[in-house]
Structure formats: C-alpha cells, structure tokens
Amino acid sequence: MAFTFRQLQYFIAVAEQGSVTRAAQNLSISQSSVTEAIKELEGDLGVELFERHPRGLTITYNGHQFLRHATKILADVSDARNVFAETRNDTGGTLNIGVTSLVAGYVLSDLLARYRRACPGVEVSALEDNGSYLEHLLIGGELDVAVMVISNLRDRMALQAEILETSPYRLWLPIGHPLVSADIISVQDIAREPLIMLTVDEIEENTGKLLSALGARPHVAFRTRSVEAVRSLVATGAGVALLPDLVYRPWSLEGDRIESRDVSGALPVVQVGMVWRKGSSLPQSARDFVGIAEASRSGRLR
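The UniProt record's numbering puts the last residue of the sequence shown at 302; the count rises by one with no breaks.
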C-alpha cells in the first residue's frame with residue numbers, strides 16, 4: 001500500500017514536535033491516529049523512522065533523510081494548488097522582503113521557493129538584518145513585508161504581525177551525556193554545564209534572562225552566530241545549548257548525533273511571523289506572498 005499525504009503530514013508533525021502527544025495536539029486529532037499512521041508509513045517504507053524510548057520518540061537517520069522528501073512532497077502539492085489561486089500574479093512587479101538571521105535559512109528559503117514558482121514574473125529583493133532595523137525599514141516604507149522573530153517586536157502600534165510558527169526552547173545534548181537519560185531536567189541542571197550560546201535574533205539575551213530569573217549563573221563556554229557551529233560543538237561534547245526547536249536538527253555537519261530534551265519550568269517560546277506596516281496598502285506582490293505563507297502554515301497543520 002502506498003503512503004498517503006495524511007501520513008506524511010502526521011510524520012512531519014511528529015518529527016517537528018519530537019512527541020506524538022504534542023503532534024496530536026497541534027493537529028487536533030487523537031494520539032492513536034498519529035501512532036497508527038506512523039506505523040503504517042514505516043511498514044510501507046520498510047525502515048524505522050523513529051526510535052521508541054520511555055521519553056517518547058527520536059527521529060532516526062533514515063527518518064531524517066525521509067523528512068526532506070516528505071517536506072518537499074507536501075510543498076509541491078501546495079504549489080500545485082497555488083497555481084490556480086486567485087492571488088497569483090503573472091504581471092510582474094517587485095517585492096522587497098526583510099528577514100532576520102535566525103529564520104533566513106529555516107523559514108524564508110522555503111517560502112521564497114514557493115513564491116517564485118507561483119509568481120515567476122515578480123522581481124524579489126531580500127535583505128537580512130537585525131529585528132530593530134527591519135522594523136525601522138518597514139515603518140519607513142522601504143520594505144513591503146518582513147519574515148522575522150516577532151516575540152520581541154518593539155513597535156506593535158505601528159506594525160501588523162501574523163504568526164507563522166511557534167517554537168519552544170529545548171536543551172541540545174551530545175550522545176552519552178548524563179542528562180540524556182534524566183527523567184526531569186531543570187534549569188539549575190543546565191547552569192552547571194558549559195553552555196554554547198547562539199548570539200543572533202535576541203537568542204543570547206532571552207537565554208540569559210531566563211537563567212538569571214531562575215537564579216542560575218551560566219558558564220558560557222562559547223559564543224557564536226552560527227547555528228552549524230553550535231551543532232558541531234554540542235555534538236562533540238564541548239557543551240550544551242538551550243535553543244528554539246525551530247533550528248534543531250539531529251545531526252551535525254560532521255554526521256554526529258545531537259539529542260534534544262524538554263526542560264522543566266516555564267521556558268519562553270520563539271514566535272516567527274510576517275510583519276508589515278499597519279494601515280499600509282500592500283502591493284499585489286506582497287499580498288501574494290502573505291497568502292502563500294498563510295497557505296503554507298495551514299497546509300502543515302491539516
């Protein structure tokens with residue numbers, strides 16, 4: 001029996017959430033439906049997509065490889081639907097987009113690929129910079145829309161924001177680390193570990209505030225603006241990292257495994273969204289982009 005689009009949607013949800021329970025909650029369906037779909041998908045493919053353990057599921061190497069194909073399949077289906085969308089713009093025009101560093105390679109790249117296929121006649125210009133500067137450009141009318149971290153949006157009176165993705169913070173660990181098998185991980189446990197700190201899009205500020213509020217003084221072993229550097233350092237045992245699940249991948253560039261675990265307590269979340277100036281008359285090219293982004297988000301949750 002060939003796998004179905006619904007099985008792919010459920011698989012992607014579990015892979016992104018790292019939990020059948022959280023995936024079922026996001027999809028508004030029963031856990032048994034998700035579990036059954038994953039088992040049927042594994043049976044059809046003839047490989048294990050997840051490792052089962054008492055704490056939940058961990059995606060396997062085969063699962064990580066298949067995730068890329070599953071994501072592309074659903075993206076292609078969405079693109080096929082968008083071909084006939086009323087908002088398609090074949091008449092040309094321009095689109096000026098801003099993006100923050102953290103989301104440039106994790107959210108915008110996929111959206112731009114879909115947009116270019118749906119609106120090939122539009123000339124797209126993208127600028128990567130920090131959030132405060134992008135807000136300045138949006139308010140000044142120099143950007144049509146920005147895809148950025150909106151958790152700390154500064155000028156909410158002047159800007160309109162729509163959430164595309166919400167990502168909780170989780171702890172990244174190397175294989176064999178004692179905390180991998182811990183039943184409960186607290187912020188105090190993290191404070192005793194060398195910390196690899198990512199210094200983009202207010203991530204360092206948020207992590208520092210979180211630990212300080214709970215009375216923990218982190219030992220920062222390394223600061224970097226590169227997510228790939230964080231992965232390599234964590235995977236080789238140089239330290240641990242507390243980062244949004246948005247940027248988690250189970251393998252470093254060198255092929256070393258990285259574990260991800262929940263941390264007890266009220267951790268912040270990172271919200272990624274589209275932002276534009278309130279009251280502005282968006283050009284058709286920007287309205288098309290917003291529509292494609294909204295369709296992408298809803299397609300992942302169906």
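From the three backbone atoms N, C-alpha and C, an ideal C-beta is built for every residue, glycine too. Keep in mind the model is a prediction, meaning the values are calculated, not measured.
- Cβ neighbours of L143 in the same chain (closer than 6 Å, five flanking residues each side left out): The residues are N96, G98 and L137.
- Identify, in the order they occur along the chain, each residue of the same chain with its Cβ nearer than 7 Å to the Cβ of E42, setting aside the five sequence neighbours on each side. E48 and L49
- Query: If you draw a straight line from the alpha carbon of V20 to that of I12, how long is it in whole angstroms?
  - Reply: 11 Å
- Option nearest residue 303 by Cα separation, candidates D76, I196 and L159: A query on residue 303 cannot be resolved here, the shown segment of the chain reaching from 1 to 302 and no further.
- Query: At which residues does the alpha helix (DSSP H) containing N26 begin and terminate?
  - Reply: V20 to L27
- Task: Return the bridge partner residues of L127 from the DSSP annotation.
- Result: G98
- Query: CB-CB under 7 Å to E86, same chain, minus the five flanking residues each way: which ones, in chain order?
  - Reply: A caution first: E86 carries a pLDDT of 47, below 50, which makes its placement in the model too unreliable to give a value.
- Query: For L137, which of helix, strand or coil comes out of DSSP?
  - Reply: helix
- Message: Does E86 come out as helix, strand or coil in the three-state DSSP assignment?
- Response: Residue placement at E86 is poorly supported in this model, since its pLDDT is 47, which falls under 50; the coordinates still yield a value, given next. DSSP places E86 in coil when its eight states are reduced to three.
- Leaving out five residues before and five after P168 in sequence, what residues of the same chain have Cβ atoms less than 6 Å from its Cβ? D245 and V269
- Using the C-alpha atoms, what's the distance from S280 back to E259? 44 Å
- Report the rounded CA-to-CA distance for V200 versus S226, giving the unit in angstroms. 8 Å
- Whole-number beta carbon distance between R116 and S296, since they are thought to touch under 8 Å: Actually they are not in contact, since the Cβ atoms of S296 and R116 sit about 14 Å apart, beyond 8 Å.
- Which listed residue (A70, S186, G93 and S101) has its alpha carbon closest to that of C119: G93
- Query: Hey, would you say F5 sits closer than 8 Å to V77, going by beta carbons?
  - Reply: yes
- Item | Backbone CA spacing between R287 and P250 [nearest angstrom] | 35 Å
- Item | Status (buried if at least 16 other CB within 10 Å, exposed otherwise) for S285 | Buried: at least 16 other Cβ atoms inside 10 Å.
- Query: Would DSSP call H69 helix, strand or coil?
  - Reply: helix
- Query: Which residue comes first and which comes last in the alpha helix (DSSP H) that contains Y106?
  - Reply: First-last for Y106: undefined, no H or E at that position.
- Message: Checking 8 Å against the spacing of the C-beta atoms, do V145 and V290 come in under that value?
- Response: The Cβ atoms of V145 and V290 sit closer than 8 Å to each other.
- Task: Pick helix, strand or coil for T35, following the three-state DSSP scheme.
- Result: helix
- When DSSP labels each residue in this structure, what does P194 get in the three-state scheme? P194: strand per DSSP, three-state reduction.
- Provide the residue span of the alpha helix (DSSP H) that contains E16, from first to last. F5 to Q17
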